[in-house]
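Worksheet for the structure shown next.
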Amino acid sequence: MALKQIITDSTLAKYARVIKATPREVIFNKHLLLSTALYATASMPLTWDQGSSSVVPTLPGFQRQFGFSNSDADQLRYFVSIVYLGAGVGALLSFFINDRIGRLWSWRLYITIWIIGQLVATSAPGLTGLYAARVISGLGIGPLTVTGTMSIVEIAPAEIRGLLAVWFSVAMTVSSVCAVFCVYGVYIHVGESRLQYQIVWFSPCVFFAILIFGSFFLTESPRWLWLAGRHDEAIATLVKIRGLPEDHPRVRVELGEIHEAIQKETEAFGGSRSHFLGVLRETFTVPANLRRVQQTLVSYALAQLSGANSVTSYFVPVLRLLGKAGGTSHSLFLTGMYSLSKLFFTLIASFFFVDALGRRGSLYVGAGLQMVSDIYLGVYLKYKQEGTASDASSQGALAWIFLHAFGYAVGLFVLPYLFGGELWPNRIRSFGGALSQCFHWLFFFAMNFAVPSLLSSTHNWGAFLFFAGWCFIAICYVFLLVPETSGLSVEEIDELFQGSWFHAYKTKRKPRVIAIEAENLEQIAVMIRYHVVRIANACLVEDPATKRHQPRNYLETLEERVVYLERFIAEHTRVDDDPLTQSQGVLQRHDSASNHTVATQLPDFDEEHENPSTLGKPDEDYDEVSDLASKVGMLSFAAGAEPHYLGSSSTFAFSRVINSALLQAISRKPGGSTRHQQDKSSLPTPCLLPDYDDCVRLSDAYFREVHAQYPFLHEPSFRDWEAKIMPSDATDLSHPDPAHLFFLYMRLYAAAQLYVDDVLQLENLEAIQAYLCYAVYSLRSPAGTSVWRLSGLALRQCVEFGYHRRATVIGITSQPSPLRIELRKRAFWCAWTIDMTAATILGRPLALQQHEVDCEYPLDIDDIYITDCGILGTTRSPHDLPTNITKALFTFRIRCLWGRIHTLLYSDIDQHRSSGPDYQARVDQLRHELEEWRASLPPTVPLQGEMLSIFSAVEWFDLCYNHTIIYLYRGHLTSSSDPATDETFLECMQAAENLCHGYRREILGKPTTYTWGALHTIFVAGLTYLHCLWSSSTVRETVRQDVVSSTCTDCTIVLVLIAQWNESAAPYRDIFEELASRTMTMLVEKERERSLFPEAVSQPDVLESDHFMQWMADISEGGMADGLGDLLNGLVGEMPIKE
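Set out below in structure tokens:
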């Protein structure tokens, strides 16, 4: 077991799991692989030149044509090295081209330049023309090494970016092998003539001419397309190379990262992507980018100083030093085998080191092996010169040359090219690659030019010890300064370069996994938690009025400030004074220090009246009561009898309500008035509010997002209160209405608590609206009073006032204003809808049966046409565009249908459910009503601005429809006496799939507020989907495994996000992840057994019941809808697969 655990936890095993978790469409994507292969060929001209130039001078035809002597070290040095001068200049100049014409056209241009150089070399009559041709070839080689790795990095997925980037190095070694054996072949088979070297230089030109033609069928870099402002093409290209739809979470996250990174860089350093001075300033003045400069330049320098390229370029002379050169044919053969070994070593590095072991680990292994090899070769040469070296040590030296190549392939060969492409931000990637490659080739030229002198001046053996010393420096450098970048997206790498330069050893590998395999759902959850939090906190939007950059979660930030202010008020309240009086005193002190609050004065209370907070009680007794009130917990959206403490915000709010009721009972005077009614001439604002413009924006957000679903307020009236009371336009502040103040401050929730006492005492429409404000807040907040209780209070008061009946039925003779009538209807339907939704979700009886209700729906007309004087406009016709409450009215209708489903199908506990013709007739009738509702839906109007709630989504009605389908047939799905038909299973499965995909589309990557209703909806949809797979063989045969995996992933993503919002949702997430994993295992085993044993029936493993029982207990505390328990019991228990 210990060995198995070690293997399971090994780096390679973890990398294998990451690859397995990656969608197949991403890895085995023909557009991605072919485009990567094309960009990888950008390295081939370089090594074709390296492989051929080191051995072409040995060809007799070459020597006779150019008067070349193989023994002339200076002549050989110039011939080999001069190409790198052109490569350095070409690499630097490529910056001015890469970002202007794109990656593909750059590749075509540079390949053409190199072909021209090869053709000139082929026809050159003498050394002058030959050297000119090599400089021209270098002008193509240098830029190709810039655009090759850069393009691969920009199109590669994070999980296999290192693997694909190593294709660049693999192509290098393939080209080197081909070049050497091409020379070897012409040496053997072609007679002494110019044709010997002309074949070597002309043959690759034909190959690359074919590639240029083929490049027109491949894809451009999506990051460059976005940088160039071609966003639609960028999206289409990313979809193509990922093999996933545009709305897939992986694609959306990657697009968001690209947009965020480029926008951030552009805003910080100017709008033009090609502004040279701006790019220079961004590269050399930003500390993180300066650190990138040093890492790329130093890594290229260390690669040369390790001696590997010097050995490659002067392989034949090195063989002579070791005494293994032999004749020309033997030297050519060994050179070919050396190149072939580097090819295999590079393949090994690509699969088992660069991504699997990580960048740092690969560099440690590679540099360490090179250092040992260099030390051995240096010591061997020393003893060889003294004549004491044995024949075995000579054979060992040859072996160490090849081990040296392996170390180089693993570390300093492939990784500098990878760093040169992946480390740079999008906007300066082209310049960074050009700068690093220019340095690389100039340094390459210097090293190749200096190696003969270095060997001679250090008696040959000293040069290898020199290389070994630099390998040791490379190991120290990697430990201190090279962070781990494997598994991170190109945009995420930026975070690694923040802070100190010398803490790279403290960074850990954090591979990003975006997968759709159910057995890897926990990895998905970790990724989503990380990315959603990072994106939500990092993305800023510009306020058009103030030009300030604010986070997208601005409202959530304000709510956090409110929590802090409430805690501050609670901590500074003196328990020996009236809570209301003391709060006013504290806030008056805040008011004196700020010009953002209304100038007020404290009410002049009757000092002779006994303080109600201490009436009949000593101070210490009241201390205990106050402390208890401040700690009383709020009941969340749960059915459990025990309160759940959810924080000071809700606690303080609820304690004020309790204190209000106590104070009314204690301090009521004989005349019926209370202490708080003595003086309302002036009230303080309850906290420091935003300025007037910010308050208006909050109001706009409320009426756009909340009011559209729960229109119990009247927007024109609210705007009028806002204009009169807010400081910027305060015209009459001497007697502000506490009710108006409450509704104004309810936007900030806690700010309204000071006035809640006055509003709830009114016992009229405003009191009901106050309860509904609390209910809406609790729906959209992880902390707050129970929605069940609040909607119940509002609904009971509606019934007490007769809002649930027509005015003629209850005998009202005096008619209120038309505005009042409409607000009564709106308040009732909002209260009834919230209460009914809570009841159906929690599996509780309805507080008010639908047959008791005959209140008309509100008029479908905009708020501005409803006044105290009358209705000024006409109601909307079916063909008109929606009004500001049309969506709410259709939501009321579908909730009424829910109520009928609840009453007719699930509320009679004595009835045998889902059996008999009467039951089926009721189901058919309800389905007919559902289809009528869907047919009458209004036209969809896209939301103007950012969507903050799921109700604002374009898909809202589709989500409601699919949810109703599941609710309607839930009894059939779980019935044992009258099981559902295959058609029912397929329809419910499709509805559940639509819900999972729809909620993921509308929630992931958006500032959407989560609700408890959304949690229950997505959880029931996920369970229904799994239940259909287990219960119907037709469903299993119809649906593909990748579709099941995608649906389960989407459901998990939504549950993960909601659990991030509130930990109370964690049991829902955990149990679904386990059940989804179990289902995927069943489907895989079922498919395997069907292919191997057609008659076998697989039985799933029984999962550990302790976790499930605990999760189910946690969920039951939150209440379960009808049928949910049956679904869970069926899935968790030893349920056989139904054929």
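Offset between the sequence shown (1-based) and our numbering: plus 10.
All C-beta atoms, glycine included, are put in the ideal place defined by N, C-alpha and C.
For ALA244, the enclosing alpha helix (DSSP H) starts and ends at 241-252. Comparing C-alpha distances from LEU265 to each of TYR141, GLU164, THR293, VAL716 shows the shortest one belongs to GLU164. Its chain contains PRO828 as the residues whose beta carbon lies nearer than 8 Å to that of GLY880, once the 5 sequence neighbours on both sides are disregarded; these appear in chain order. In this structure, DSSP gives ILE876 an extended state, which the three-state scheme calls strand. A check of alpha carbon separations from VAL951 across ARG714, ILE1028, ARG980, ARG729 identifies ARG714 as the nearest. The beta carbons of GLY368 and GLU505 sit no closer together than 8 Å. Checking the DSSP bridge columns, you'll see ILE881 partnered with ILE876.
Closest in C-alpha terms to ALA244, from the list SER225, HIS269, HIS258, ILE220, comes HIS269. A Cβ-Cβ separation of about 5 Å places TYR979 in contact with CYS998 under the 8 Å criterion. Going by C-alpha positions, GLU862 is about 41 Å away from LYS734. The continuous stretches of alpha helix (DSSP H) do not include ASP504, and DSSP gives it neither H nor E. Secondary structure at THR850: helix, using DSSP grouped into helix, strand and coil.
A contact between stretches requires three or more CB pairs, one per stretch, nearer than 8 Å, and the stretch 162-181 fails this requirement with the stretch 118-138.
Setting aside the 5 residues that flank it on each side, ILE976 is surrounded in the same chain by CYS998, ALA1001, ALA1002, VAL1030, ALA1031, THR1034, each with a C-beta closer than 7 Å to its C-beta; the list follows chain order. Residues of the same chain with a CB within less than 6 Å of the CB of PRO167, apart from the 5 flanking positions on each side, are VAL36 in chain order. In this structure the stretch 91-99 does not lie against the stretch 205-213, because fewer than three pairs of beta carbons, one per stretch, are closer than 8 Å. In terms of Cβ geometry, PHE429 and GLN305 form a close pair [threshold 8 Å].
Annotation: TRP471 to ASP384 spans about 9 Å, alpha carbon to alpha carbon. C-alpha of LEU805 to C-alpha of GLN1070: approximately 32 Å in a straight line.
In the three-state DSSP reduction, SER959 falls in the strand class (E or B). With fewer than 16 other CB atoms across the displayed protein chains lying within 10 angstroms of its CB, HIS199 is exposed. For TRP115, the enclosing alpha helix (DSSP H) begins and ends at 105-133. DSSP places THR1019 in the strand class (E or B) of the three-state scheme. Around the Cβ of PRO135, a 10 Å sphere holds fewer than 16 other Cβ atoms; the residue is exposed. The three-state secondary structure of CYS448, taken from DSSP, is helix. For GLY368, there is no enclosing alpha helix (DSSP H), since its DSSP letter is neither H nor E. Nearest in C-alpha terms to TYR49, of all of THR229, GLY333, ARG302, ALA402, is THR229. Burial is judged here by how many other beta carbons sit within 10 angstroms of a residue's own beta carbon; VAL216 has fewer than 16 and is exposed.
Non-local C-beta neighbours of VAL809 in its own chain, meaning closer than 7 Å and more than five positions away in sequence, comprise LEU858, ordered along the chain. Boundaries of the alpha helix (DSSP H) around LEU312: 297-315.
Excluding its 5 nearest sequence neighbours in each direction, LEU102 has C-beta neighbours in its own chain below 6 Å: ALA444, CYS448, listed in chain order. By the neighbour-count criterion, in which a residue is buried when 16 or more other Cβ atoms sit within 10 angstroms of its Cβ, ARG34 is exposed. Between ASP873 and GLU776, the gap from beta carbon to beta carbon reaches 8 Å or more. In the structure shown, ASP864 adopts coil according to DSSP, grouped into three states.
Under the three-pair Cβ rule at 8 Å, the stretch 454-463 does not count as touching the stretch 347-360. Of the residues PHE838, ARG87, GLU432, the one whose Cα lies closest to the Cα of TYR867 is PHE838.
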